[in-house]
Amino acid sequence: MKTVAIFGSTGSIGKQSLEVIRAFPNDFKVIALTAHSSAKLLDAQSKEFGAKSALGLKNKEELIANADYVINGVPGFDGLGISIAALKAGKILLSANKESLAIAGKWLKEIAKENGAKIYPLDSEASAIWQLMHEHGEDILSSVTLTCSGGPFLGKTTDELANVTIQQALDHP
């Protein structure tokens, strides 16, 4: 039986991960769950799976220590520390945190290699890139350009975009 720590268990990725684990109760055991808030849901999840739980990210190394798999469902820059901790501990990282890969992908790969860890993306765009490189070799791509595929500016004309403020761009999740 493989052990799993889920960071961001009350969010979309965390909930979907728990659904998969429920379908394979003889294969996976959840040992740790974290959430940014949603304390009530986190408590219910913890009771259902018999897992340690924590609000916030303070004791991530302790929660990761006994896990075979670490699921990183924490969005934004906050997820980078989880990715680093999991890889330094030699774990299999299943990451939906594309920001970690975008800002530190090369470094994360080095950490993984040094510690015998593995990285598998859960996010659809990052997974598509990983599958391409896995199938055809890493040299098939010299670079990856990330674009904004929607958001508040989708469908706007060049003239309408001329007056966009930084705050308008930052307000979009």
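Every number in my numbering is 126 more than the matching position in the sequence shown, counting from 1.
C-beta atoms are modelled at their ideal positions from N, C-alpha and C, and glycine is treated no differently.
On a predicted model such as this, the values are computed, not experimentally measured, just so you know.
How would you write the range of the beta strand (DSSP E) that residue i sits in, first residue to last?
i, result
"Asn241", "From DSSP, Asn241 is part of no beta strand (DSSP E) but of the alpha helix (DSSP H) over 224–241."
"Thr129", "128–133"
"Pro247", "244–247"
"Val200", "Premise fails: Val200 is in no beta strand (DSSP E) and is neither H nor E."
How many Å lie between residue i and residue j at the Cα?
i, j, result
"Glu225", "Glu145", "24 Å"
"Phe150", "Glu240", "31 Å"
"Ile210", "Lys235", "10 Å"
"Thr284", "Ser143", "40 Å"
"Gly182", "Leu227", "21 Å"
"Lys141", "Gly199", "10 Å"
"Phe154", "Ala222", "19 Å"
"Ser163", "Lys173", "17 Å"
"Pro247", "Leu220", "6 Å"
"His262", "Gly281", "35 Å"
"Ser138", "Ser268", "32 Å"
"Val156", "Leu296", "35 Å"
"Met127", "Gln171", "19 Å"
"Arg148", "Glu286", "48 Å"
"Lys232", "Ala165", "35 Å"
Determine whether the beta carbon atoms of residue i and residue j lie at a separation below 8 Å.
i, j, result
"Lys186", "Gly207", "yes"
"Ile197", "Ile245", "no"
"Ala158", "Leu189", "yes"
"Gln294", "Pro278", "yes"
Any idea if residue i is buried or exposed, counting beta-carbon neighbours within 10 angstroms, 16 or more meaning buried?
i, result
"Thr291", "exposed"
"Ala288", "exposed"
"Phe175", "buried"
"Ala243", "buried"
"Ile266", "exposed"
"Leu213", "buried"
"Gly205", "buried"
"Gly134", "buried"
Thinking residue i and residue j are a contact (beta carbons under 8 Å), I'd like their distance in whole angstroms, please.
i, j, result
"Ile218", "Asp249", "With a Cβ gap of about 16 Å, Ile218 and Asp249 do not count as contacting."
"Ala191", "Thr160", "About 14 Å; that fails the 8 Å criterion."
"Thr136", "Leu168", "6 Å"
Using a Cβ-Cβ distance under 8 Å, would residue i count as near chain C?
i, result
"Gly176", "Judged by its chain identifiers, the structure shown contains no chain C, having just a single protein chain."
Along the alpha helix (DSSP H) that carries residue i, what are the first and last residues, could you check?
i, result
"Ile292", "292–296"
"Ala211", "204–214"
"Ser172", "165–175"
"Ile147", "138–149"
"Thr284", "284–287"
"Lys186", "186–190"
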